[in-house]
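Protein sequences appear in the order of chains A and B.
Sequence positions in the first sequence follow our numbering and run 98 to 425.
Sequence positions in the second sequence follow our numbering and run 548 to 872.
First up is the structure itself, then whatever we jot down about it.
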Amino acid sequence: MSEMTYRDALNLALKEEMRHDPSVFVLGEDVALYEGSFKVTRGLLAEFGEERVRDTPISENTIIGVSVGAAMGGLRPVAELMTVNFALLAMDQIVNHMAKIRSMFGGQTFLPMTIRMPGGGGSQLGAQHSQSLETYFMHCPGMHVLYPATPADAKGLLKSAIRDNNPVVFLEHELLYNSKGEVPEDPEFLVPIGKARVARSGDQVTVVGYGRMTILALQAAEELAGEGVSCEVVDLRSLAPLDTETIVASVKKSGRVVVVEECWRTCGLGAEIASRIYDACFDLLQAPVKRVSGLDVPMPYSRKIEKTCIPQAETIRQAVKDVMSGRY
Amino acid sequence: MQTRLRMVLPDQELLKLYEQMFLSREFEESCAEQYAKGHITGFLHLYSGQEAVAVGATAGLHKDDYILSAYREHAQAIVRGADPKRVMAELFGKATGICKGKGGSMHLFDPSLNFMGGYAIVGGQFPISVGLAFAAQYRGEERIAACFFGDGAVNQGTFHESLNWAQLWHLPVLFVCENNFYGIGTEVHRSSALASIHKRTCGYDIPSEKVDGMDVIAVYKAVKYATEKVRESGHPYFIEATTYRFRGHSMADPAKYRSAAEHEVWKARDPLPNYARQLLDESIATREQLDAIETRCRATVEAAVKFAEESPWPEDSTVWEDIYV
Ligand SMILES: Cc1ncc(C[n+]2csc(CCOP(=O)(O)OP(=O)(O)O)c2C)c(N)n1
Ligand SMILES: [Mg+2]
């Protein structure tokens, strides 16, 4: 184990997988010479050279299309989209091509590719640069969607994503890059795709989070512990496939749930999770599933009002108190 | 050979160009200070070095013409007439900002000035410019849509689709590429197969020319000529203005990918002192007159900062406002 940042853990995963498999290559805007807008690809060009670490034009749809072709042609591309917001320019290749190709062609080919996308709000980047689009990807069958909250999961999940033979959308939160944690050094350390993690044990309320929302949920849980409320925090890690089993096991214990989602509330992943919980264990619930969500508004720039649009530890704490006291 | 200035514009107009460039530079450098103090947050892309493009081009346009740009657009908005106070307040995230604090540095907008927005998705403004030009044509208005963008933006699909469209529908669009040779850390020849950007328009049969974007008069003349052509022919036109940003891509970028020597070469071509020298050499202004202009600009920017500082924050409830009509 060694302590490192979320950024360095991702960087290490990239390096290890590039050493491990010569068919892995990295492409994206400013990933090589500039070492990435968020410096996740630092040192890659120096170690692996221009053949395997490639700067691209600002052409998102084609970055993904080229990755699809390269994957079909026997390579293992790891594309970086500078931020998730720009994935919207690549939705044609992601949704109409990448996610369909294997099934549409009767299983005769596969696309072992990963798309990394930093995203999330909270940095006063305004409406076009602050989006949380996880639900957009989860909605589409044919690809996995991962979202680590900790440095260890960042490393282990990214390695699994790169080794996986399915297309993977890999989301990273811009405000987590500097967060630190213990990370296994073992180059064979992998975090399985499709498995949630119980990040904190408790038995009165289950709080479900992912990405930065897990970190806020843990903060809220810590404060609530001081007030005598025991929360279990489930960190989804994998949004698709979604680990319903781990969520339901926790809910069966607690009988109360708060789902925290950074994305817009309408059609947010919290609705999907609530529905799965109702299907699996409606009769065991002591309160309706409570959702803490991003507000259904384009993100304003001003820091004063941006804050009110994004879930905060305090809103999560309040939500837990609400389900405990029967105020839904 | 530089053109004699008086052959181009009357003295008053020539001085106005200087004032606009100086104001832009002062505004940007003040933004850098306010960013360091934490008053401006988020992304901040400064225009220092590129002033001759916005100022020369805006002078060559009519007030009715639309202007659209990317996220490095403070100067474009201010030169078009946006109140520096309300622009600074926007950057501070205050309720008095030009977009009520909702837009920020990358998203200025003022339809009363036909300034139709700063867009932060690279290439987003191309088709919108085409649409505005279409609306103008449809309504029988005499306007041009002037679309500003960087060298990095020309590899987006929307660039090619919009060039084709504008020519196909005979739309009055003036495309102005501000080629500062870098898209973040990527030099233009590393992102474009044909780095001479104005040549790309031959695929769409759109006339184009390259102009020295460090020379405000050259930009003015090129835009004036281009807009006359557009108004006459009803077809689009394309200008590539070569320029340089003196700062990093944004405040977060130390710009280590550019050599000090390269920077020096461009610094020597700084449009402000060079144009000032021309004004003095041709006796269009005295040093005292220029000093007075500079003092006035500094006071304007100081007043803008004070206004922004003293302005109220937007209320939380405003996040629900202005989403639907
Ligand atoms: C669609 C999209 N992709 C990527 C980005 C990130 N990005 C912001 S500015 C920029 C470089 C643009 O360079 P250029 O067009 O030359 O403009 P300049 O910054 O030099 O003015 C990039 C890649 C973005 N904002 N939008
Ligand atoms: Mg550029």
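C-beta atoms are modelled at their ideal positions from N, C-alpha and C, and glycine is treated no differently.
From a predicted model like this one, the values you see are computed outputs, not experimental measurements.
Where residue i falls, given that 16 or more other Cβ within 10 Å makes a residue buried
i                  : result
Ala-322 of chain A : exposed
Leu-826 of chain B : buried
Asn-547 of chain B : Since the displayed chain B opens at 548 and closes at 872, residue 547 of chain B lies outside it and no answer follows.
Leu-222 of chain A : buried
Val-812 of chain B : exposed
Pro-408 of chain A : buried
His-592 of chain B : buried
His-796 of chain B : buried
Val-872 of chain B : exposed
Tyr-103 of chain A : buried
Arg-870 of chain B : The amino acid occupying residue 870 of chain B in the given sequence is Ile; Arg does not appear at that position. With fewer than 16 Cβ atoms within 10 Å of its Cβ, Ile-870 of chain B is classed as exposed.
Lys-814 of chain B : exposed
Pro-719 of chain B : buried
Met-201 of chain A : exposed
Leu-109 of chain A : buried
Cys-360 of chain A : buried
Tyr-274 of chain A : buried
Tyr-685 of chain B : exposed
Leu-569 of chain B : The sequence shown places Phe at residue 569 of chain B, rather than the Leu named in the question. Per the 10 Å Cβ criterion, buried.
Met-421 of chain A : buried
Gln-205 of chain A : exposed
Pro-820 of chain B : exposed
Beta-carbon proximity list for residue i, same chain, < 7 Å, skipping 5 on both sides
i                  : result
Val-386 of chain A : Val-354, Val-356, Ala-371, Ile-374
Thr-311 of chain A : Ala-246, Ala-296, Val-330, Asp-332
Ser-120 of chain A : Gly-171, Leu-172, Arg-173
Phe-706 of chain B : Gly-670, Phe-673, Ala-700
Gly-429 of chain A : The structure shown does not extend to residue 429 of chain A, since chain A is modelled only from 98 through 425, so no value can be given for it.
Sequence-distant residues of its chain with Cβ nearer than 6 Å to residue i (five each side left out)
i                  : result
Ser-227 of chain A : Gly-218, Met-396
Lys-632 of chain B : Ala-851, Phe-854
Val-770 of chain B : Ala-604, Gly-607
Pro-754 of chain B : Tyr-784
Met-214 of chain A : Leu-178, Val-181, Ala-184, Leu-268
Arg-115 of chain A : The question names Arg, but residue 115 of chain A in the sequence shown is Met. Result list for Met-115 of chain A: Val-121, Phe-145, in chain order.
Ala-187 of chain A : Glu-157, Asn-158, Ile-161
Gly-299 of chain A : Ser-327, Cys-328, Glu-329
Val-150 of chain A : Val-123, Ala-129, Leu-141, Leu-142
Glu-358 of chain A : Gly-365, Leu-366, Gly-367, Ser-390
Leu-107 of chain A : Val-137, Ala-251, Leu-255
Gln-383 of chain A : Gly-352, Arg-353
Sequence-distant residues of its chain with Cβ nearer than 8 Å to residue i (five each side left out)
i                  : result
Arg-834 of chain B : Leu-827
Glu-856 of chain B : His-586, Phe-639
Self-check item: Near-chain A residues of the region 854-866 of chain B (beta-carbon distance less than 7 Å), N- to C-terminal order
Solution: Trp-860, Pro-861, Asp-863, Thr-865, Val-866
Self-check item: In chain order, each beta strand (DSSP E) run of at least 3 residues that lies wholly inside the region 749-805 of chain B
Solution: 755-759, 784-789
Quiz item: When you check each C-beta in the region 202-227 of chain A against every C-beta of chain B, which residues fall closer than 8 Å?
Solution: Ser-220, Gln-221, Leu-222, Gly-223, Ala-224, Gln-225, His-226
Quiz item: Which residue spans inside the region 615-681 of chain B form an unbroken beta strand (DSSP E) run of at least 3?
Solution: 662-665
Quiz item: Can you list, in chain order, the stretches of the alpha helix (DSSP H) that have 4 or more residues and sit fully within the region 306-370 of chain A?
Solution: 309-323, 341-351
Quiz prompt | Sufficient close CB pairs (3 or more, under 8 Å) joining the region 193-204 of chain A to the region 559-579 of chain B | solution = no
Quiz item: Could you give the uninterrupted runs of the beta strand (DSSP E) lying entirely in the region 143-207 of chain A, keeping only those of 3 residues or more?
Solution: 150-152, 173-177
Quiz item: Just checking, does the region 233-248 of chain A make contact with the region 260-272 of chain A on the three C-beta pairs under 8 Å criterion?
Solution: yes
Quiz item: Going along the region 378-402 of chain A in order, which residues come within less than 8 Å of chain B, judged by CB to CB distance?
Solution: Leu-392, Val-394, Pro-395, Pro-397, Tyr-398, Ser-399, Arg-400, Lys-401, Ile-402
Quiz item: For the region 552-566 of chain B, which residues have a beta carbon sitting closer than 8 Å to at least one beta carbon of chain A?
Solution: none
Quiz item: Which runs of the alpha helix (DSSP H) spanning at least 4 residues fall entirely within the region 719-754 of chain B, listed in chain order?
Solution: 735-738
Quiz item: Looking at chain A, which residues of the region 665-695 of chain B have a Cβ within less than 9 Å of any of its Cβ atoms?
Solution: Tyr-666, Ala-667, Ile-668, Val-669, Gly-670, Gly-671
Quiz prompt | Any 3 or more C-beta pairs closer than 8 Å across the region 357-368 of chain A and the region 388-402 of chain A | solution = yes
Practice problem: Examine the Cβ distances between the region 249-257 of chain A and the region 341-352 of chain A and report whether three or more of them are shorter than 8 Å. | Solution: no
Quiz item: Unbroken beta strand (DSSP E) runs of length 3 or more, entirely within the region 243-317 of chain A: which are they?
Solution: 265-270, 277-280, 294-297, 302-306
Exercise. Below 7 Å between beta carbons is the criterion; list the residues of the region 152-168 of chain A that meet it against any residue of chain B, in chain order.
Key: Asp-152, Pro-154, Ile-155, Ser-156, Asn-158
Quiz item: Between the region 321-333 of chain A and chain B, which residues of the former have CB atoms less than 7 Å from a CB of the latter, in chain order?
Solution: none
Quiz item: At a cut of 8 Å, does the region 727-738 of chain B reach the region 771-779 of chain B through at least three beta carbon pairs?
Solution: no
Self-check item: Near-chain A residues of the region 695-706 of chain B (beta-carbon distance less than 8 Å), N- to C-terminal order
Solution: Gly-699, Ala-700, Asn-702, Gln-703, Gly-704
Quiz prompt | Interfacial residues, the region 648-660 of chain B to chain A, with Cβ spacing under 9 Å | solution = Gly-648, Lys-649, Gly-650, Gly-651, Ser-652, Met-653, His-654
Exercise. Could you run through the region 715-746 of chain B and flag, in chain order, every residue whose CB is less than 8 Å away from some CB of chain A?
Key: Gly-730, Ile-731, Gly-732, Thr-733, Arg-737, Ser-738, Ser-739
Quiz item: Of all the beta strand (DSSP E) runs that stay within the bounds of the region 807-849 of chain B, which reach a length of 3 or more residues?
Solution: none
Self-check item: chain A contacts from the region 579-605 of chain B (Cβ-Cβ distance under 8 Å)
Solution: Thr-588, Gly-589, Phe-590
Self-check item: Where the region 101-132 of chain A meets chain B: residues whose CB sits under 8 Å from a CB there
Solution: Glu-126, Asp-127, Leu-130, Tyr-131
Quiz prompt | Stretch pair the region 647-662 of chain B + the region 403-421 of chain A: three plus CB contacts closer than 8 Å | solution = no
Practice problem: Run through the region 565-616 of chain B for me and flag every whole beta strand (DSSP E) of 3 or more residues, listed as ranges in chain order. | Solution: 613-616
Quiz item: For the region 170-198 of chain A, which residues have a beta carbon sitting closer than 9 Å to at least one beta carbon of chain B?
Solution: Met-179, Asn-182, Phe-183, Leu-185, Leu-186
Exercise. Give, in chain order, every residue of the region 802-818 of chain B whose Cβ lies closer than 8 Å to some Cβ of chain A.
Key: Tyr-804
Quiz prompt | Interface residues of the region 341-367 of chain A facing chain B [CB-CB below 8 Å] | solution = none
Quiz prompt | Contact residues within the region 771-788 of chain B, judged by C-beta distance below 9 Å to chain A | solution = none
Self-check item: Positions along the region 227-244 of chain A whose CB lies within less than 7 Å of some CB in chain B
Solution: none
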